[in-house]
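Novice: Have a look at the structure that comes next, please.
Residue numbers (the numbering used here): 176 to 330.
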């Protein structure tokens, strides 16, 4: 085997590895969309429990004896759809939260990723996750919590 064919073979190997790494990276937009779908799915699954929890917490007359009792009472008196009351604001909150978290994390990782090898150091993964969590807390979670707490403050 001569040196030119050996060099060509090594270059082809490198090109194949680079193509494989390009396939492995998911663009930040795709991650953001995935986050939004995950947030919507979480909202749809968790809203019935949140509705039941809220009813039990606000039950000053003691009419609900258990979680199942509350659920059965809600379905009997108001229909199955009552379990999903308040889904719109809850799902909006979760969709925005997960979209921002996943999209920001992927974007920050793309900034830290080594352009030649495609590698991402552990420290950069941690910084990306921290940055995404911080942005999520400042832009989505805190304003939503304040809007829920503020009207009831001092009562």
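Built from N, CA and C at the ideal position, the CB exists for glycine as well.
Given the structure is predicted, the values throughout are model-derived calculations rather than measurements.
So, with DSSP's three-state summary, where would you put residue 241?
Specialist: DSSP places residue 241 in coil when its eight states are reduced to three.
Novice: What separation, rounded to the nearest whole angstrom, lies between the Cα atoms of residue 268 and residue 251?
Specialist: Cα to Cα, the separation comes out at about 29 Å.
Novice: Taking DSSP as the reference, what is the three-state secondary structure of residue 313?
Specialist: Reduced to three states, the DSSP call for residue 313 is helix.
Novice: For the candidate residues 201, 270, 261 and 223, whose alpha-carbon lies nearest to that of residue 311?
Specialist: Of the candidates 201, 270, 261 and 223, the one whose C-alpha sits nearest the C-alpha of residue 311 is 270.
Novice: What separation, rounded to the nearest whole angstrom, lies between the Cα atoms of residue 129 and residue 299?
Specialist: Because the chain in this structure spans residues 176 to 330, residue 129 falls outside the shown range and cannot be described.
Novice: Mind listing, in chain order, the continuous alpha helix (DSSP H) runs of no fewer than 4 residues lying wholly within the region 265 to 296?
Specialist: Listed in chain order, nothing qualifies, since the region 265 to 296 has no complete alpha helix (DSSP H) run of 4 or more residues.
Novice: Can you give me the C-alpha to C-alpha distance between residue 223 and residue 234, rounded to a whole angstrom?
Specialist: Their backbone Cα atoms lie some 16 Å apart in a straight line.
Novice: Rounded to the nearest angstrom, how far is the Cβ of residue 246 from that of residue 231, given a contact under 8 Å?
Specialist: No, residue 246 and residue 231 are not in contact; Cβ-Cβ is about 10 Å, not under 8 Å.
Novice: Whose CA, out of 309, 220 and 241, lies closest to the CA of residue 277?
Specialist: If we check each option's Cα against that of residue 277, 309 comes out closest.
Novice: By the three-class DSSP mapping on this structure, what secondary structure does residue 236 have?
Specialist: Residue 236 falls in the coil class under three-state DSSP.
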